[in-house]
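2 protein chains.
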Amino acid sequence: MAENPQIKTKTLILDAAERLFAEQGIGHTSLRQVIAEAKVNIAAVHYHFGSKEQLIYAVLERRIIPINEERFKMLDAIEAAAGEGPLPLEPIIEAFIRPPFRLRSNPAANHGSFVRVMGRCMNEPNETVQAAFGRLFGEVIKRFMAAYLRALPELPPEEIMWRAHFGAGTMAHAMCGGEMLKKVSQGRLDMGNGEAVLQRLVAFIAAGMRAPMLGADEPVKTKEGKKA
Amino acid sequence: MAENPQIKTKTLILDAAERLFAEQGIGHTSLRQVIAEAKVNIAAVHYHFGSKEQLIYAVLERRIIPINEERFKMLDAIEAAAGEGPLPLEPIIEAFIRPPFRLRSNPAANHGSFVRVMGRCMNEPNETVQAAFGRLFGEVIKRFMAAYLRALPELPPEEIMWRAHFGAGTMAHAMCGGEMLKKVSQGRLDMGNGEAVLQRLVAFIAAGMRAPMLGADEPVKTKEGKKA
DNA sequence: ACTTGATTAAAACAAACGTTTGAATCAGTC
DNA sequence: GACTGATTCAAACGTTTGTTTTAATCAAGT
Chain A
-15 MAENPQIKTK TLILDAAERL FAEQGIGHTS LRQVIAEAKV NIAAVHYHFG
35 SKEQLIYAVL ERRIIPINEE RFKMLDAIEA AAGEGPLPLE PIIEAFIRPP
85 FRLRSNPAAN HGSFVRVMGR CMNEPNETVQ AAFGRLFGEV IKRFMAAYLR
135 ALPELPPEEI MWRAHFGAGT MAHAMCGGEM LKKVSQGRLD MGNGEAVLQR
185 LVAFIAAGMR APMLGADEPV KTKEGKKA
Chain B
-15 MAENPQIKTK TLILDAAERL FAEQGIGHTS LRQVIAEAKV NIAAVHYHFG
35 SKEQLIYAVL ERRIIPINEE RFKMLDAIEA AAGEGPLPLE PIIEAFIRPP
85 FRLRSNPAAN HGSFVRVMGR CMNEPNETVQ AAFGRLFGEV IKRFMAAYLR
135 ALPELPPEEI MWRAHFGAGT MAHAMCGGEM LKKVSQGRLD MGNGEAVLQR
185 LVAFIAAGMR APMLGADEPV KTKEGKKA
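Going down the list, the sequences are from chains A and B.
Here the first sequence is numbered in the numbering used here, starting from -15 and rising by one per residue.
Here the second sequence is numbered in the numbering used here, starting from -15 and rising by one per residue.
Quick look at the structure:
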């Protein structure tokens, strides 16, 4: 398959690690599981990557960098089309979600194992993962927050940050895979149709971010479930 | 503090495990860390709980059972107040979120370490955790799904399941703690004011669940970020 | 005071972990 | 065809993991 022997082993390891990280979580995956899945010698990991931590970073980096480039391209297009005016909200959210989701239909990209890895990373307590994520996402967060501010000029920035945070969680959970979905729907729904999931996800987050402000014309009655 | 020596050690272990699970994740926490934090002998874990798996289950069970009872009570009140009519959406969401959030202001309950544990569990790949969660949550999911169906009668059940799934993810992420929030807000926001977070969270999820259907009067333009 | 059952303590268990080592193998170059 | 650098291999390194064992300690009951 892979013609260049120089990078063959490296790729085998990355693919195996990615698959196992998606299924078991990063912390629960040992190097010995990885090399068994990749069918390479255990020393190859340290030869090519140096350590387990650097392998984790390499797995994240390989996918996230192209994903972020695609995100920026989509955001550029949105901003160019809007000129000086306000930005449309849904395309911004889509620009964030579609690039990772696109991997799901790409067999050459492990069929989207990485999407689940990515979803998990957003709540991963492991320091290596958190540091890697911080480094790989700093720029993305900055640009998308700026876009949100332009898309929702009527909301105070603080409110937008809260909602962006909530929206990131919605995505992360949806990307992790559909085990919870199966519980909620008693097995009736799954994540099979990626495009449909993506569209519903965008619609849900967009509606959440556009929610009326608390204490506004439609106050949220949220003081215990007492009688109306 | 704890007067009954019978349960003192058991409680020390549960509290220590809960704290460490919240900070490091369940999988990354070893029994030796737990017994060091609890200042007990390592054999006490197996004497009182039998195994690490059963300790994990005990940690989850101790908080989730009372939380679920409270949830049911709040849901009962909502249903009683509504009679035959449709249920109000926000109180249902609040009935799900407030009971765990209440722990955050309770020093006797580890100051809400468990809230973060619970948030993580929703995406935890570990089989023990997933099995425990499934068992502890089956009834809750059933009752809340039924409530959602009554609160949003204009939406098809399938659509409601998707949105409930998204909403669960939003909660889970918010409950995990505010590290992502700090990144998003560049350190300007935190989860300090639990009540304010809860209200924003309820408002976000409610708006998401009430989003207009795709292809309805306000179609979501979600086919690439092309010009408007 | 002695016995009994429950709890704690110290020590060891095999297994699995990430990592390192040194020799074997392979590709090209002179 | 020997040499060189890069890659792979089998084997072992010292730690740490969850678990078990055996003895010591404790609180009551008689």
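Even glycine gets a Cβ: it sits at the ideal position worked out from N, Cα and C.
Computed from a prediction, not measured in an experiment: that's the story for all the values here.
{"Item": "Mind checking if P109 (chain B) is an interface residue toward chain A, Cβ cutoff 8 Å exclusive?", "Value": "yes"}
{"Item": "Just to check, is the beta-carbon of A130 (chain B) closer than 7 Å to a non-hydrogen atom of the ligand NAD?", "Value": "This structure lacks the ligand NAD; in fact it carries no ligand of any kind."}
{"Item": "Whose Cβ in chain A lies nearer than 7 Å to the Cβ of E21 (chain B)?", "Value": "Under the 7 Å cutoff, chain A gives no residues; its nearest Cβ is about 16 Å from E21 (chain B)."}
{"Item": "Residues in its own chain within less than 8 Å of P70 (chain B) by CB, not counting five upstream and five downstream?", "Value": "R134, A135 and P137"}
{"Item": "How is P217 (chain B) classed by DSSP in three states: helix, strand or coil?", "Value": "Since the first and last residues shown for chain B are -15 and 212, residue 217 (chain B) lies out of range."}
{"Item": "For the alpha helix (DSSP H) that contains G122 (chain B), what are its first and last residues?", "Value": "E111 to A135"}
{"Item": "Run the CB neighbour count on K210 (chain B), radius 10 Å, all protein chains shown included, and call it buried at 16 or more, exposed below.", "Value": "Unreliable positioning characterises K210 (chain B) in this predicted model, as indicated by a pLDDT of 41, which lies under 50. The coordinate reading is nonetheless provided below. Exposed is the call here."}
{"Item": "At 9 Å on the CB atoms, spell out the chain B contacts of L120 (chain A), in chain order.", "Value": "In chain order: nothing, as chain B lies at least about 11 Å away."}
{"Item": "Taking V168 (chain A) and I26 (chain B) to be in contact with their CB atoms under 8 Å, please state how far apart those CB atoms are, rounded to whole angstroms.", "Value": "At roughly 39 Å, the Cβ-Cβ gap does not stay under 8 Å, so V168 (chain A) and I26 (chain B) are not in contact."}
{"Item": "E54 (chain B) by DSSP, collapsed to three states: which one?", "Value": "helix"}
{"Item": "Is the beta carbon of P109 (chain B) less than 8 Å from the beta carbon of Q170 (chain A)?", "Value": "no"}
{"Item": "Is the beta carbon of S97 (chain B) sitting closer than 8 Å to the one on A6 (chain B)?", "Value": "yes"}
{"Item": "Which residues in chain B sit within 8 Å of I225 (chain A), going by Cβ to Cβ distance?", "Value": "Outside the shown range of chain A (-15 to 212) lies residue 225 (chain A), about which nothing can therefore be said."}
{"Item": "On a Cα-Cα basis, can you pick out the residue from A:R46, A:R184 and A:G151 that is closest to F128 (chain A)?", "Value": "A:G151"}
{"Item": "If you count every other CB in all the chains shown that lies within 10 Å of the CB of I(-9) (chain B), and 16 or more means buried, which is it?", "Value": "exposed"}
{"Item": "What residues in its chain sit with their C-beta under 6 Å from that of A28 (chain A), if we drop five residues either side in the sequence?", "Value": "T(-7)"}
{"Item": "The alpha helix (DSSP H) spanning T154 (chain B) covers which residue range?", "Value": "P141 to M159"}
{"Item": "Kindly say whether L4 (chain B), judged by its beta-carbon, lies nearer than 8 Å to any beta-carbon of chain A.", "Value": "no"}
{"Item": "Just reading off the alpha helix (DSSP H) that L185 (chain A) is part of, what are its end residues?", "Value": "G178 to M193"}
{"Item": "Rounding to the nearest angstrom, what Cα-Cα distance links W146 (chain B) and E111 (chain A) in this structure?", "Value": "32 Å"}
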